[in-house]
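Enquirer: Residues in the sequence shown are numbered from 146 upward in steps of one, following my numbering. Below is a structure I'd like to ask you about.
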Amino acid sequence: MRGFGLGVMHARAIFCARPEGVHDERICAFGPHGKGLVVANAPDDGYTDDLSRFLTKRAEEANLEIRKIGYKPYIAPGISSAAVSVLRALRGQWHDAAVPMGGVYFGCRARFGRNGPEVLRQPLHEQLVARIEESYDMLREFDVRWAD
């Protein structure tokens with residue numbers, strides 16, 4: 146089981162980066178696809194905290210802006226999450242997904258491995274690591290007992 150909402154947020158971050166002149170090939174996203182989302186302009190060298198936080202905010206707000214004018218976005222999320230991410234997952238390629246990680250489903254780059262989810266391991270800037278840990282800790286504290 147995995148969630149594909151992070152692919153939507155990654156695509157939104159790329160869309161928001163282009164008008165700012167940000168090179169989008171290194172943009173990455175982590176965490177949930179709502180509160181706690183972490184977008185980075187680059188995972189390691191070249192990471193800029195202010196720019197990454199700006200891209201995170203813009204990606205979070207993009208969905209809300211569309212909803213304000215009376216539309217619930219279906220097509221773009223359907224393409225970026227369902228069409229792209231699901232196909233990549235089925236092909237065993239890297240894709241954005243929430244996978245089980247230490248008691249929570251956490252969004253990251255992943256693929257199906259022989260023994261279950263395989264998470265992309267890559268060098269990360271220390272400020273990005275701190276943001277990811279904060280997001281992860283927020284999810285660990287989430288209490289779903291209300292659903293019982």
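Note that the Cβ used here is the ideal one computed from N, Cα and C, for glycine as well.
With DSSP as the reference, label Y281 as helix, strand or coil.
Expert: helix
Enquirer: Helix, strand or coil for H246? Go by DSSP, reduced to three states.
Expert: The question names His, but residue 246 is Met in the sequence shown. If DSSP states are grouped into helix, strand and coil, M246 belongs with the strands.
Enquirer: Give the single residue among R163, F175, C161 and P164 whose Cα lies nearest to the Cα of L151.
Expert: F175
Enquirer: From the DSSP output, which residues share a beta bridge with P262?
Expert: F257
Enquirer: List the whole-angstrom C-beta distance separating M283 from G181, where the pair is believed to meet the contact cut-off of C-beta under 8 Å.
Expert: Right, their Cβ atoms sit about 5 Å apart.
Enquirer: Based on Cα-Cα distance, which residue from E206, D195, D241 and V153 lies nearest to R276?
Expert: D195
Enquirer: Nearest to R256 by CA position, among H178, G248 and R266, is which residue?
Expert: R266
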